[in-house]
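Trainee: First residue of the sequence shown: 129, per my numbering; consecutive thereafter.
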Amino acid sequence: MPSRREVFRRVLLGAALTTALLAAFVAWQGTLLGEYSVMEMGGSAGHSDHAGHAVPASAALDGPAAGGTSVTALTADADRPADVRVELVARQERIDVPGGRPVDGYTVNGQSPGPVIRARQGELVEVVFINESVAAGATLHWHGIDVPNAADGVAGITQDAVPVGGRYVYRFVAADAGTYWYHSHQLSHEQVQRGLLGAVVIEPGDAAPDAATELIALLHLYGSQHTLNGRVADERVPASPGQEVRVRVINTDQGTAAVWSADPFRVVAVDGHEVSEPGEVTDRTLLIPAGGRADVSMLAPEQGAAQLRVGGARSVLIGDVADGAAVTEPVRQPAERLDLLSYGAPVPLGIDPSRPDRVYDYVIARRYGIIDGRPGNFWTINGRMFPDVPMFAVSEGDVVVMRIRNDSGDVHPMHLHGHHALVLSRDGVAACGSPWWVDTLDVRPHESYEIAFVADNPGIWSDHCHTLQHAVDGLITHVMYDGVTTPFTINGDAGNHPE
């Protein structure tokens, strides 16, 4: 039988252990986010030329009555009739993958990828989105299109997720010609991967679309199946010798996509912006970030078909694509990448980034911690972990310079909503080619970029990694315009979970 002293010692040890466990439990509970507004997040973002500041949490509670403008008011002209009207219906169902095996996922109008939306530059597009059976709710985000903030489609920031049986109307002017895509921004890491997406093409206002000389090449991984436009198969584009074919490559996957060919090609647009005087590319690989797009131009050969490798596993054949026709022999992916920093010819920028109104640092790293009750090795922004990440405050009309540095050891395709940014330099080397405008930019380990954008689209805009699980793990912040508020919250009764 233990002595009284031993019993006392055991009681003390038990009490100490209980206290430690309770303290750990309380500390763990403190990491659970509960319901929150993005306006309660963060603090100063490390702004140098102008005193940086965070939007106070009270603004989220006081809302527009306190003198701010709600994101719900930032819309296209309500009195203007739509030039293009589309109805998209989201369903949770089994997807047939031609050439492969079926997978469980999400469809838009019964297919994945969903229908291509086409418009002319300057037209007003109206999309009626109906959630027929996506149990967790869904939205549509217009990736790369600088829409009004109310149409951005980010659950918990610009709208509530559309529940089963609900609908939401998106309206925006197709201001910039180019190649874009749409996808859900509710549980995006899961809903995008499982197929709730589609392509958008905005044609120049003064040019008629010519479907015979262009092809959309949408890359997506269904399970472990590499697809091109939803099929486990190559695409074939019949073309006469010397005919130019434009291939609109859209990378909807979670990693960088490689594009190359044994035949020469030109990169004529990046993220919806035309390249000035694009040169012929040979023995180089074009890398497209997750979420990014590039338009590639090729000439059909005199005999047989040229082969453009897209995403590694699939190809686009251009020229004489009849069965039995000769096809250019495939080549290994060139080790040297095409450097868009110096590709093409300079033209006037349209902005002066040499005298910015605001300069922000965006330093990406990682450390161990707990986010929303989950322990792990998470991403940090300027040394701070989600949700205590810095917000980037701007005023309308500001020229903003952002210095992004990647100390994390992994590549991050950084995506800014609502704006296009101009790449100024990489690792201190100034851009010297065609202006390189992006909405999605791969920042590789140990790289640093300086980019600039004009704050000309008021709202609250996500700025996050488009390797979407990275966003779930904390690599997300926001550009917040002074005086703009949101009534929406995350993790509340509406079930909003944007990432």
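Even for Gly, the Cβ is constructed at its ideal location relative to N, Cα and C. Since the structure is predicted, the reported quantities are computational estimates derived from the model, not experimental observations.
Can you tell me whether A339 is helix, strand or coil according to DSSP?
Mentor: Caution is warranted here: a pLDDT of 47 is assigned to A339, below 50, making its placement in the model unreliable, and no coordinate value can be reported.
Trainee: Expressed to the nearest angstrom, what Euclidean distance is found between the alpha-carbon atoms of P392 and P586?
Mentor: Cα to Cα, P392 sits roughly 42 Å from P586.
Trainee: Here's a check: name, in chain order, each residue in its chain whose Cβ is nearer than 7 Å to the Cβ of R364, leaving out the five neighbours to either side.
Mentor: Excluding positions up to five away in sequence, the list reads L445, V449.
Trainee: Tell me Q435's beta-bridge partners as DSSP assigns them.
Mentor: BP columns for Q435 point to L445.
Trainee: With DSSP collapsed to three states, give me the class of L325.
Mentor: Strand at L325.
Trainee: DSSP state of V183, grouped into three classes?
Mentor: In this prediction, V183 has a pLDDT of 36, which is less than 50 and means its spatial position is unreliable; nothing more can be read from the coordinates.
Trainee: Checking the sheet assignment: what are the DSSP bridge partners for Y350?
Mentor: Paired residue(s): Q353.
Trainee: Just mark R572 as buried or exposed, buried being the case when its beta carbon has 16 or more other beta carbons within 10 Å.
Mentor: R572 is exposed by the Cβ-count criterion.
Trainee: Where are the beta strand (DSSP E) runs, 3 residues long or more, that stay fully inside the segment 268–294, in chain order?
Mentor: If we require 3 residues or more, the beta strand (DSSP E) runs fully inside the segment 268–294 come out as 269–271.
Trainee: Within 8 Å (strictly less), CB to CB, does D391 reach chain D?
Mentor: Protein chains in the displayed structure number just one, and chain D is not present.
Trainee: Assign Q157 to one of three DSSP states: helix, strand, or coil.
Mentor: Any reading at Q157 is ruled out, since the residue's pLDDT is 45, under 50, leaving its predicted position unreliable.
Trainee: If you reduce the DSSP assignment to three classes, tell me which class S316 lands in.
Mentor: Of the three classes helix, strand and coil, the one that applies to S316 here is helix, per DSSP.
Trainee: Put A201 into one of helix, strand or coil per three-state DSSP.
Mentor: In the structure shown, A201 sits in a helix (DSSP, three-state: H, G or I).
Trainee: With which residues is R208 paired in a DSSP beta bridge?
Mentor: Its beta-bridge partners do not exist; DSSP assigns none.
Trainee: Reducing DSSP to helix, strand and coil, say where A521 ends up.
Mentor: A521: strand per DSSP, three-state reduction.
Trainee: Just the Cα atoms here: how many angstroms apart are L161 and H317?
Mentor: Rounded to the nearest angstrom, the two C-alpha atoms are 19 Å apart.
Trainee: Go ahead and label H625 buried or exposed: buried means 16 or more other beta carbons lie within 10 angstroms of its beta carbon, across all protein chains shown.
Mentor: With 16 or more other Cβ atoms within 10 Å, it is buried.
Trainee: Please report the distance separating the alpha-carbon of M426 from that of A218.
Mentor: Looking at the two C-alpha atoms, the distance is approximately 35 Å.
Trainee: At 4 residues or longer, what runs of the alpha helix (DSSP H) sit wholly inside the segment 394–433?
Mentor: Runs of the alpha helix (DSSP H) inside the segment 394–433: none found.
Trainee: Where V199 and S240 are concerned, what is the direct C-alpha to C-alpha distance, given to the nearest angstrom?
Mentor: Approximately 30 Å, taken between the alpha carbons.
Trainee: Whole angstroms is fine: what's the gap from V517's alpha carbon to S165's?
Mentor: So the alpha carbons of these two residues sit roughly 13 Å apart.
Trainee: When you compare the CB positions of M216 and V255, do they come within less than 8 Å of one another, or not?
Mentor: Checking the sequence shown, residue 216 turns out to be Leu, not Met. In this structure, V255 lies closer than 8 Å to L216 by Cβ.
Trainee: Taking 6 Å as the limit between beta carbons, can you name the residues of its chain near G561, skipping five residues before and five after?
Mentor: Cβ neighbours of G561 beyond the five flanking positions: S470, Y471, G472.
Trainee: May I have the straight-line CA-CA distance separating W270 from H311, to the nearest angstrom?
Mentor: The alpha-carbon atoms of W270 and H311 are separated by roughly 7 Å.
Trainee: Between Y234 and Q319, how many whole angstroms is the CB-CB distance? I'm expecting something under 8 Å.
Mentor: Y234 to Q319, Cβ: 6 Å. Contact.
Trainee: Where T613 and D381 are concerned, what is the direct C-alpha to C-alpha distance, given to the nearest angstrom?
Mentor: Roughly 32 Å separates the two Cα atoms.
Trainee: Considering only C-alpha positions, which residue in the set V282, Q597, L552 is nearest to P615?
Mentor: Nearest of V282, Q597, L552 to P615, Cα basis: V282.
Trainee: Taking 6 Å as the limit between beta carbons, can you name the residues of its chain near T456, skipping five residues before and five after?
Mentor: Correct list, in chain order: A390, D391, A434, Q435.
Trainee: For A345, does the count of other Cβ atoms within 10 angstroms reach 16, so buried, or fall short, so exposed?
Mentor: The residue is buried, with at least 16 neighbouring Cβ atoms inside 10 Å.
Trainee: Roughly how many angstroms separate the alpha carbons of V396 and T413, rounded to a whole number?
Mentor: Taking the straight line from one Cα to the other gives about 15 Å.
Trainee: Of all the options A622, G623, M608, which has the alpha carbon lying nearest to the alpha carbon of G196?
Mentor: The option with the nearest alpha carbon to G196 is M608.
Trainee: Would you list the one or two residues that DSSP bridges to Y496?
Mentor: Answer is N505.
Trainee: With DSSP as the reference, identify every bridge partner of N379, one or two as the case may be.
Mentor: BP columns for N379 point to L347.
Trainee: Classify Q597 as helix, strand or coil using the three-state DSSP reduction.
Mentor: Of the three classes helix, strand and coil, the one that applies to Q597 here is helix, per DSSP.
Trainee: With C-beta atoms as the reference, is I258 less than 8 Å away from V214?
Mentor: In this structure, V214 does not lie closer than 8 Å to I258 by Cβ.
Trainee: Is the Cβ-Cβ distance between A580 and L552 less than 8 Å?
Mentor: In contact: A580 and L552 (Cβ atoms closer than 8 Å).
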